[in-house]
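Trainee: Chains as they are written, first to last, in this note's numbering: chain B, 213 to 350; chain C, 213 to 350; chain H, 213 to 350.
Quick reminder that beta carbons are idealized off the backbone N, C-alpha and C, glycines included.
Here you go, one structure.
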Amino acid sequence: MKTKRRILAGAVPEAPPGTYSNAIAVGRTIYVAGQHAGEPDGTIVGEHDVHAQATRALEKIQALLAAAGATMDDVVKLGVFLTDVTTRAQVGEARRAFFSGDFPCSTLVGISALAQPGLLVEIDAIAVRGASGTKAKT
Amino acid sequence: MKTKRRILAGAVPEAPPGTYSNAIAVGRTIYVAGQHAGEPDGTIVGEHDVHAQATRALEKIQALLAAAGATMDDVVKLGVFLTDVTTRAQVGEARRAFFSGDFPCSTLVGISALAQPGLLVEIDAIAVRGASGTKAKT
Amino acid sequence: MKTKRRILAGAVPEAPPGTYSNAIAVGRTIYVAGQHAGEPDGTIVGEHDVHAQATRALEKIQALLAAAGATMDDVVKLGVFLTDVTTRAQVGEARRAFFSGDFPCSTLVGISALAQPGLLVEIDAIAVRGASGTKAKT
């Protein structure tokens, strides 16, 4: 029996077939692919602005989780990949707007490049639906 | 009661004792260590050829999952680490040969170095046995 | 019902509220945030000494797991992020002191920077309480 479920959120563009899924749920656990501020037409939301890019990445994660019946407070682990690690305070500031209560675990590292030039931050997530005791708005 | 199970695949060389395991299963979830094209004798399958190296890494993941009773379509999350992120299309091409249906989530970043000089790509995975509804060939 | 549980260990300083948690458990699975040798006052345990820094990071992971009722042998996956990948043998040496039996899976990559200058290694972990069949000392 298939228990793997691809999560689609209207507001989050899916990558072309044969590449990757934005989010996959198995049971209550939801894996969210690394999200960033790149749009399908090649533009970037918030060029040169890591706060805006982190916000956009987190908005995508939030929309994907909502589509899976989960909330940001259900996130247990974030991976944060920065092209310039000295901007991490701005990313932290963006992150604060999305979580409440016990924040998720996080691994934050400075990497040499992201998938597309101009991207400053990529964020992935693991969430467990319902784990925070809050309910997703539907 | 011990529920952690080390997964051994004849075709995939294990690292020396006291270092790491290639794959560990707990229940239906299988964690696969970062795989690459390095061989125990220090040679690399596909030197200067990221497509060949990604293929080799994915073959190892496939063999480890098969040994755990799972298939590539049971993979829910891939981590892809590239020394040169501009080669990602070639890695995507290699990846296409291994998956069908809903592709796994993926986080792809450019990093400054892998464990051994000459390695161009390392890929790790989380899979859930049976999640795709397909059965591993035995 | 809330099933997400923040794990606090007296010996491991928590980050300020509104940033991240050191460890979150849901059911038997424990996610541990990237740990390093930085202390809250900005000092680093083992400056210029990657073995000492890895040891400090692993001590923190061990303390967090103990607080969650788990042991290092319950770890299924490690992520190891090094600013200089050529130091990996020293990190492997440090790691050997913390695990027994089947070592965890590991993904080890060289990254361009960690959260704080002077940090040489960051390590995160996923563990499953009781999976090794050993019991945490209480």
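Sorted by chain position, which residues of the same chain lie with C-beta nearer than 8 angstroms to S324 of chain B's C-beta, five sequence neighbours on each side aside?
Mentor: Excluding positions up to five away in sequence, the list reads T295.
Trainee: Just checking, does the stretch 310–327 of chain C make contact with the stretch 233–244 of chain C on the three C-beta pairs under 8 angstroms criterion?
Mentor: Touching, no.
Trainee: Round the Cβ separation of K289 of chain B and I338 of chain B to the nearest angstrom and send it over; I've been treating them as touching at under 8 angstroms.
Mentor: Going by Cβ atoms, the distance from K289 of chain B to I338 of chain B rounds to 4 angstroms, so yes, they are a contact pair.
Trainee: So, is K216 of chain C buried or exposed, given that buried needs 16 or more other C-beta atoms within 10 angstroms?
Mentor: It is buried - the Cβ of K216 of chain C has at least 16 other Cβ atoms within 10 Å.
Trainee: Rounding to the nearest angstrom, what Cα-Cα distance links R300 of chain H and K347 of chain B in this structure?
Mentor: Answer to the nearest angstrom: the Cα atoms are 44 angstroms apart.
Trainee: Considering Cα atoms alone, identify which of H:V292, H:Q247, H:V303 is closest to A223 of chain H.
Mentor: When each option's Cα is compared against that of A223 of chain H, the closest is H:Q247.
Trainee: From the DSSP output, in three-state form, read off Q265 of chain C for me.
Mentor: Helix, per DSSP.
Trainee: Going residue by residue through the stretch 317–346 of chain H, where are the continuous beta strand (DSSP E) segments of at least 3 residues, counting only ones entirely within it?
Mentor: Those beta strand (DSSP E) runs which fall completely within the stretch 317–346 of chain H and span 3+ residues are 317–322, 333–340.
Trainee: From B:I219, B:G230, B:K214, pick the residue whose C-alpha is nearest to that of V303 of chain C; which is it?
Mentor: The option with the nearest alpha carbon to V303 of chain C is B:G230.
Trainee: Who are T241 of chain C's beta bridge partners in DSSP?
Mentor: The partner list for T241 of chain C (beta bridge, DSSP) reads C:V238, C:V340.
Trainee: At a CB distance below 7 angstroms, what residues from the stretch 300–334 of chain H approach chain C? Give them in sequence order.
Mentor: Hits within the stretch, in order: R300, G304, R308, D314, F315, P316, C317, S318, T319, L320, V321, G322, I323, S324.
Trainee: Tell me which residues share the same chain as V262 of chain C and place their Cβ nearer than 7 angstroms to its Cβ, disregarding the 5 neighbours each side in the sequence.
Mentor: So the list reads T299, Q302, V303, L332, V333, once near-sequence residues are dropped.
Trainee: If you drop the 5 nearest sequence neighbours on each side, which residues of the same chain put their C-beta closer than 7 angstroms to that of A279 of chain H?
Mentor: Result list for A279 of chain H: I219, L220, A221, in chain order.
Trainee: List the residues of chain C that V244 of chain H touches, going by C-beta distances under 8 angstroms, in chain order.
Mentor: Those within 8 angstroms of V244 of chain H in chain C number zero; the least Cβ separation is about 14 angstroms.
Trainee: Give the DSSP-derived three-state secondary structure of G291 of chain H in the structure shown.
Mentor: In the structure shown, G291 of chain H sits in a strand (DSSP, three-state: E or B).
Trainee: In whole angstroms, what is the alpha-carbon distance linking M284 of chain B and A227 of chain C?
Mentor: About 38 angstroms.
Trainee: Which residues bound the beta strand (DSSP E) around K216 of chain B?
Mentor: Start and end: 216–218.
Trainee: Can you tell which of B:S312, B:F293, B:R240 has its C-alpha closest to the C-alpha of L320 of chain C?
Mentor: Of the candidates B:S312, B:F293, B:R240, the one whose C-alpha sits nearest the C-alpha of L320 of chain C is B:F293.
Trainee: Expressed to the nearest angstrom, what Euclidean distance is found between the alpha-carbon atoms of A266 of chain H and I256 of chain H?
Mentor: Cα-Cα distance, rounded: 11 angstroms.
Trainee: Going straight from the alpha carbon of K214 of chain B to that of A343 of chain C, what length do you get?
Mentor: Using only the alpha carbons, I get a separation of about 5 angstroms.
Trainee: Would you identify the three-state DSSP class for G246 of chain B, choosing helix, strand or coil?
Mentor: Here G246 of chain B sits in strand by DSSP.
Trainee: With a 10 Å radius around its C-beta and 16 neighbouring C-beta atoms as the bar for buried, classify R307 of chain H as buried or exposed.
Mentor: When all chains shown are included, R307 of chain H counts as buried.
Trainee: Per the DSSP calculation, I256 of chain C is bridged to which residue(s)?
Mentor: Answer is C:G250.
Trainee: Express the C-alpha separation of G254 of chain B and A249 of chain H in angstroms, rounding to a whole number.
Mentor: So the alpha carbons of these two residues sit roughly 39 angstroms apart.
Trainee: Where do the N-terminal and C-terminal ends of the alpha helix (DSSP H) with A306 of chain B fall, by residue?
Mentor: From DSSP, the alpha helix (DSSP H) with A306 of chain B extends over 300–308.
Trainee: At 8 angstroms on the CB atoms, spell out the chain H contacts of K214 of chain C, in chain order.
Mentor: Ordered by position in chain H, the residues that pass the 8 angstroms Cβ test against K214 of chain C are A343, S344, G345.
Trainee: How big is the Cα-Cα spacing for F310 of chain C and G322 of chain B?
Mentor: About 30 angstroms.
Trainee: From this set, C:A275, C:A264, C:G291, C:S318, which residue's C-alpha is nearest I335 of chain C's C-alpha?
Mentor: Ranking C:A275, C:A264, C:G291, C:S318 by Cα distance to I335 of chain C puts C:G291 first.
Trainee: Looking at C-alpha atoms only, which residue of H:S318, H:A275, H:G313 is the closest neighbour of I242 of chain C?
Mentor: The candidate whose alpha carbon is nearest that of I242 of chain C is H:S318.
Trainee: Could you give the DSSP three-state label for V224 of chain B: helix, strand or coil?
Mentor: In the structure shown, V224 of chain B sits in coil (DSSP, three-state: anything other than H, G, I, E or B).
Trainee: Could you tell me whether the Cβ atoms of E259 of chain B and P225 of chain B are closer together than 8 angstroms?
Mentor: Cβ distance not < 8 angstroms, so E259 of chain B and P225 of chain B don't count as in contact.
Trainee: Using the C-alpha atoms, what's the distance from A282 of chain C back to A264 of chain H?
Mentor: About 39 angstroms.
Trainee: Can you name the residues of chain C whose CB is closer than 9 angstroms to the CB of T298 of chain B?
Mentor: Residues of chain C passing the Cβ test: none, with the nearest at roughly 16 angstroms.
Trainee: Going by DSSP in three states, M284 of chain B sits in which element: helix, strand or coil?
Mentor: Three-state DSSP puts M284 of chain B in a helix.
Trainee: Less than 8 angstroms between the CB atoms is what I'm expecting for P316 of chain H and V287 of chain H, so what's the real figure, rounded?
Mentor: 4 angstroms between Cβ atoms; contact.
Trainee: Spatial neighbours of G239 of chain C within its chain, please: CB distance less than 8 angstroms, with the 5 preceding and 5 following residues excluded, ordered by chain position.
Mentor: Once the five neighbours on either side are set aside, the close Cβ partners of G239 of chain C are T215.
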